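In what follows, a structure is listed as structure tokens, so that the remarks can point back to it.
There are 2 protein chains.
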Amino acid sequence: MSIQKDLSIGVDLGGTKILTVLINQNGDIIGRAEMETKPMEGETAVFRRILHSINKVLIETSIQKARLRGIGVASAGIIDSNEKTVLEAGNLGWKNVPIGKLLEDHLSIPVALSNDANAAAVGEWLWGSGKGHNHLIYITVSTGVGSGIISNGKLVNGVDDSAGEFGHISIDYNGQRCSCGNRGCLENLISGTAIANAAKYRLSQGEESHYLRGINQTKITAKVVGEAALAGDSFSREILKEAGFFLGVGVTNLIHLFNPDVIVFGGSVMNVSEFILPQVMQTVRERGIKSLTKTIKMEKSNLGGNAGVMGAAGLLLLQDPRVKISV
Amino acid sequence: MSIQKDLSIGVDLGGTKILTVLINQNGDIIGRAEMETKPMEGETAVFRRILHSINKVLIETSIQKARLRGIGVASAGIIDSNEKTVLEAGNLGWKNVPIGKLLEDHLSIPVALSNDANAAAVGEWLWGSGKGHNHLIYITVSTGVGSGIISNGKLVNGVDDSAGEFGHISIDYNGQRCSCGNRGCLENLISGTAIANAAKYRLSQGEESHYLRGINQTKITAKVVGEAALAGDSFSREILKEAGFFLGVGVTNLIHLFNPDVIVFGGSVMNVSEFILPQVMQTVRERGIKSLTKTIKMEKSNLGGNAGVMGAAGLLLLQDPRVKISV
């Protein structure tokens with residue numbers, strides 16, 4: 000009698016930490032391990048730490064490897080999911096590291112690799128705010144801005160697995176030059192970096208913030224702006240509202256191109272979504288084509304920081320035609 | 000012995016004319032009929048003319064109906080392809096006309112319905128400039144601007160079958176208000192209407208056009224601007240180049256979102272593509288993320304005005320899993 004392969008492992012490989020979970024088909028997290036990535040120690044050291052984190056989760060939960068359907072890895076950067084290779088990841092300092100293949104060879108079980116925004120979209124689609132919706136866009140706003148797009152129940156990957164660069168959509172063709180070469184990119188208008196820069200710029204222009212005026216300019220981050228907004232600072236709320244407006248313009252573009260039924264917002268900037276999403280929704284209502292916006296759902300991620308790692312584990316479910324996913 | 004169903008009929012239902020073709024799996028057009036739509040005579044009259052055009056093609060080619068796999072219809076407007084219904088088509092004056100179902104009931108063969116830009120994308124993908132490329136975007140620029148998007152060999156339809164509204168992407172969040180409610184839409188910058196308006200505006204501002212100065216302003220259309228450009232008019236060439244720039248900004252956004260391998264340009268404005276596409280390509284090279292733009296193909300439609308009607312016929316091939324399509 001064969002053992003039922005009812006569990007999957009997800010690994011969220013970030014520049015700072017490696018988060019690993021063991022998950023069942025209902026999206027219940029059965030085991031969890033977190034460790035530092037320490038990418039400066041080199042690829043082999045990181046590979047060993049990933050292996051270690053997987054073993055740790057299996058040992059702590061007393062689960063046999065035979066019960067695993069496989070392992071899914073989510074990583075930032077440019078990924079070739081067919082070749083299971085990280086082509087380029089700035090936060091890891093990696094170029095052409097076939098991390099998925101290495102894990103597969105070492106562990107002799109199926110491994111899937113995807114970029115973190117795509118993985119988070121899968122997570123939200125299978126078990127999160129987007130459950131039951133086959134046309135879903137996941138948008139992440141943190142230091143950078145990205146997205147994962149599901150159309151008709153399939154990831155929109157693109158020919159090089161590089162689709163979903165929502166942060167590099169121009170909504171201002173004559174705007175500020177972006178590091179990518181484009182002008183007026185959303186990343187320069189709504190990312191955590193952009194929010195911090197907007198606050199610093201406005202303060203330098205003499206605008207008043209009761210909360211921020213005592214803080215050294217170099218200490219002003221999006222997190223600090225968010226805390227100020229929570230503490231009632233109208234200056235900071237205005238900055239977040241403005242980011243919400245720009246995000247709304249970008250989301251309207253996405254709605255017109257993809258006609259999704261749900262958009263899920265995640266990433267650290269969404270910790271203060273209450274100051275951003277109302278403006279997003281208002282902008283979409285004002286600017287969107289009515290037949291496309293009237294029934295759309297726009298929601299904060301309810302998986303939060305687990306969306307990517309859960310979605311990574313979910314990649315295996317997507318790839319297994321024997322699994323009937325009830326979405 | 001059953002008769003091989005190796006042929007399909009495509010119907011391009013426009014506000015002015017109904018174009019009908021009989022086509023084989025290689026995309027060879029075996030029969031063709033064209034008649035006026037005359038939408039003012041009502042839905043039933045148009046329905047009868049579609050039936051008549053189908054019969055005409057079958058009779059003229061002496062093909063039995065039993066050899067048809069089915070009929071595909073491409074229509075402008077908002078389409079529900081599952082319900083085979085035109086939800087709204089301004090050029091026909093139709094609301095909620097289940098034209099596909101009516102044809103299917105009447106003829107007792109499978110009928111597929113799609114919007115015209117999606118159909119053209121399918122046509123270019125199966126038999127045109129996009130053959131062999133599973134990540135294709137078809138952009139049409141004529142009176143309006145639209146697109147059909149194929150990702151991983153599947154149409155990106157959206158939940159209401161309304162994806163691909165490329166004409167209503169904003170690249171200028173503070174720009175001119177569009178009829179759709181948005182601001183800075185591509186349709187207001189690159190459509191035939193926009194090109195004519197740009198020419199009229201510049202002339203009213205005292206700019207000189209050797210070719211256009213003798214022409215009554217009310218007679219200036221995108222077609223006239225195109226003719227002027229062909230005749231060497233630098234004023235008109237400049238206007239088309241500017242449209243090419245804006246189109247390039249929009250195309251860069253599409254590349255960043257979809258990571259396609261080919262973009263095909265059609266529609267009447269592309270009759271003078273030699274004055275537009277070079278600027279599109281230059282803008283994409285200047286502004287796009289290099290890893291996404293370095294191998295992309297950008298081509299004028301080689302099916303031209305037949306893309307929609309051939310793609311309509313192709314819809315049946317897509318839906319038939321017995322057909323192995325060599326793309």
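Quick mapping for you: the protein sequence lines, in order, are chains A and B.
0 is the number of the first residue of the first sequence in numbering that gives the first Met the number 0; add one for each residue after it.
0 is the number of the first residue of the second sequence in numbering that gives the first Met the number 0; add one for each residue after it.
Where is the CB? At the ideal position from N, CA and C, for every residue including glycine.
As the structure is a computational prediction, the values presented were derived from the model and not from experiment.
Contacting residues, own chain, Cβ-Cβ under 8 Å from residue i (five flanking each side not counted)
i                      : result
residue 255 of chain B : 287, 288 and 291
residue 220 of chain A : 191 and 195
residue 230 of chain A : 210
7 Å Cβ cutoff, residue i in contact with chain B
i                      : result
residue 85 of chain A  : no
residue 162 of chain A : yes
residue 180 of chain A : yes
residue 248 of chain A : yes
residue 209 of chain A : no
residue 134 of chain A : yes
Cβ neighbours of residue i in the same chain (closer than 7 Å, five flanking residues each side left out)
i                      : result
residue 169 of chain A : 181, 182, 183 and 184
residue 189 of chain B : 140, 144, 242, 245 and 246
residue 179 of chain A : 167
Residue i versus residue j: straight-line alpha-carbon distance, rounded
i                      : j                      : result
residue 5 of chain B   : residue 67 of chain B  : 7 Å
residue 196 of chain A : residue 175 of chain A : 13 Å
residue 62 of chain A  : residue 177 of chain A : 47 Å
residue 151 of chain A : residue 135 of chain A : 9 Å
residue 309 of chain B : residue 206 of chain B : 43 Å
residue 123 of chain A : residue 103 of chain A : 26 Å
residue 283 of chain B : residue 294 of chain B : 12 Å
residue 28 of chain B  : residue 274 of chain B : 30 Å
residue 163 of chain A : residue 138 of chain A : 9 Å
residue 298 of chain B : residue 142 of chain B : 20 Å
residue 285 of chain A : residue 312 of chain B : 38 Å
residue 250 of chain A : residue 115 of chain B : 25 Å
residue 8 of chain A   : residue 120 of chain A : 17 Å
residue 89 of chain B  : residue 15 of chain A  : 54 Å
residue 326 of chain A : residue 3 of chain B   : Below a pLDDT of 50, predicted positions are generally treated as unreliable, and residue 326 of chain A, at 45, falls in that range; the measurement from the model is reported next regardless. The straight-line gap from Cα to Cα measures roughly 38 Å.
residue 224 of chain A : residue 198 of chain A : 8 Å
residue 257 of chain A : residue 59 of chain A  : 43 Å
residue 210 of chain B : residue 232 of chain B : 6 Å
residue 91 of chain A  : residue 50 of chain A  : 17 Å
residue 26 of chain B  : residue 314 of chain B : 12 Å
residue 305 of chain B : residue 132 of chain B : 19 Å
residue 156 of chain B : residue 208 of chain B : 43 Å
Per-residue contacts from residue i into chain B (C-beta, under 8 Å)
i                      : result
residue 151 of chain A : 153, 155 and 156
residue 169 of chain A : 170, 248, 251, 252 and 286
7 Å Cβ cutoff, residue i in contact with chain A
i                      : result
residue 317 of chain B : no
residue 291 of chain B : yes
residue 286 of chain B : yes
residue 172 of chain B : yes
residue 260 of chain B : yes
residue 325 of chain B : At residue 325 of chain B, the pLDDT of 47 sits below 50, so the modelled position is not reliable; the number obtained from the coordinates is stated separately. No, no contact with chain A.
Cβ shell of residue i (< 6 Å), same chain only, five flanking positions each side left out
i                      : result
residue 222 of chain A : none
residue 301 of chain A : 127 and 128
residue 228 of chain B : 235, 236, 239, 271 and 274
residue 52 of chain A  : 17, 19, 32 and 34
residue 117 of chain A : 147 and 154
residue 296 of chain A : 261
residue 94 of chain A  : 87
Presumed contact (8 Å Cβ cut-off) between residue i and residue j, rounded CB distance
i                      : j                      : result
residue 303 of chain B : residue 265 of chain B : 7 Å
residue 74 of chain B  : residue 112 of chain B : 7 Å
residue 278 of chain B : residue 240 of chain B : 5 Å
residue 72 of chain A  : residue 98 of chain A  : 6 Å
residue 160 of chain B : residue 79 of chain B  : 5 Å
residue 110 of chain A : residue 70 of chain A  : 5 Å
Neighbour list for residue i in chain B, Cβ cutoff strictly below 7 Å
i                      : result
residue 257 of chain A : 155, 157 and 162
residue 77 of chain A  : 290
Chain B residues whose Cβ lies nearer than 9 Å to that of residue i
i                      : result
residue 165 of chain A : 255 and 256
Neighbour list for residue i in chain A, Cβ cutoff strictly below 9 Å
i                      : result
residue 275 of chain B : None at all; the shortest Cβ gap to chain A is about 16 Å.
Interface flag, residue i vs chain C, CB-CB below 7 Å
i                     : result
residue 47 of chain B : Any reference to chain C falls outside this structure, whose protein chains are A and B.
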